[in-house]
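Visitor:
In our numbering, the protein residues as written are 1 to 339.
Shown next as structure tokens:
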């Protein structure tokens, strides 16, 4: 039997620790695979394990506060953060490469230059991540596992007093997280509102991560969690579009600066070669990057239109009430075992 089976009827302290340990196990199992360049899913699995672990520790902070000192939490945050830049760049490369058939031959030169730039950045990020993981993960895992495997709790023997359950604690957390999501969705005004859309994405991810490990124990939960994943995916792709737009803006500046330096160097030569100067002026990469930025802006606006049509202006209210209702189902499911 899985150590996470029957969690809802366990004490909040025990249940939260078993959940956290299960996510730590996921990250630990994926960690050796990072050394295999042929394992395309290793980083994803490792990253998700760490993200779920951090989300769990944050959600059940009241139940785990005596186990996770701030210094250890910061080390875990830094470790998880090291997995982001490389994976984010990889996602950008995949999206950009798929745009090639839609570009003119003139603009493809800019794409080729951009992809080379991003591949270099990705390799740098992966190298930094590998160093961070090699230096920190084993020590962080050992410390977390030792601290999460033991806890102290007061038990009152009064038979009239119901013992608290993980279901009750999770229901309270769920209510709070759904309220946060609803607030961020309400504040997302338009496609330019990157901050609130990003916060809505984070809130949706936290709700999903809270529910998924318990989904088989909550009646009617699977279709609700599935729809929640669709919302998170939509917000995630919108976030990708926002991040890529910011990166392309910086890259255009880099391309223009590089070309200006080359033209200046050719112009200052003792005997300037007019044919080389004309070729360099024609070789502008900026136009290709701008074409890609326009495609990305179309993607951003399309995604926001879907978000606006399905989730904003109160359209998510009924569904979010269903999500909150899962809290009552958790408590009802755990009640017989807690009596």
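The beta carbon of each residue, even a glycine, is placed where N, CA and C say it ideally should be.
Predicted model only: the values in this text are computed from it and were never measured.
Would you check if the distance between the CB atom of residue 117 and the CB atom of residue 87 is smaller than 9 Å?
Guide: The answer is no: Cβ separation not under 9 Å.
Visitor: From 299, 304, 24, 255, pick the residue whose C-alpha is nearest to that of residue 146; which is it?
Guide: Cα-wise, what sits closest to residue 146 is 24.
Visitor: Judging by CA-CA distance, which residue of 211, 312, 16, 101 is the nearest neighbour of residue 191?
Guide: Closest option to residue 191, Cα to Cα, is 312.
Visitor: Less than 8 Å between the CB atoms is what I'm expecting for residue 177 and residue 214, so what's the real figure, rounded?
Guide: Their Cβ separation, rounded to whole angstroms, is 14 Å, which puts residue 177 and residue 214 out of contact at 8 Å.
Visitor: DSSP on residue 117, reduced to helix/strand/coil?
Guide: Residue 117 falls in the helix class under three-state DSSP.
Visitor: Distance check for residue 291 and residue 256, CA to CA, integer angstroms please.
Guide: Near 15 Å, if we compare the C-alpha coordinates of residue 291 and residue 256.
Visitor: Whole angstroms is fine: what's the gap from residue 320's alpha carbon to residue 182's?
Guide: Roughly 8 Å separates the two Cα atoms.
Visitor: Mapping DSSP to helix, strand and coil, what is residue 60?
Guide: Residue state, collapsed to three classes: coil.
Visitor: Indicate the three-state DSSP secondary structure (helix, strand or coil) for residue 244 in the structure shown.
Guide: Three-state DSSP puts residue 244 in a helix.
Visitor: Determine the closest residue to residue 406 out of 169, 64, 101, with distance taken between C-alpha atoms.
Guide: This structure cannot settle anything about residue 406, because the visible part of the chain is limited to 1 through 339.
Visitor: Just mark residue 380 as buried or exposed, buried being the case when its beta carbon has 16 or more other beta carbons within 10 Å.
Guide: Here the chain has residues from 1 to 339 only, and residue 380 is not among them.
Visitor: Please identify the residue among 287, 195, 6, 186 whose C-alpha is closest to the C-alpha of residue 308.
Guide: Ranking the options by Cα distance to residue 308, first place goes to 186.
Visitor: Check each candidate in 112, 287, 272 and name the one with the smallest Cα separation from residue 253.
Guide: The candidate whose alpha carbon is nearest that of residue 253 is 287.
Visitor: Could you check if residue 120 is buried or exposed, using at least 16 other CB atoms within 10 Å of its CB as the buried criterion?
Guide: Exposed, because fewer than 16 other Cβ atoms sit within 10 Å of the Cβ of residue 120.
Visitor: Kindly list the residues whose CB is nearer than 6 Å to the CB of residue 60, restricted to its own chain and excluding five residues on each side of it in sequence; keep chain order.
Guide: Within the same chain, residue 60 has close Cβ partners 16.
Visitor: Have a look at 228, 28, 171 and flag the residue whose alpha-carbon is nearest the alpha-carbon of residue 144.
Guide: Residue 144 has its Cα closest to that of 28, out of 228, 28, 171.
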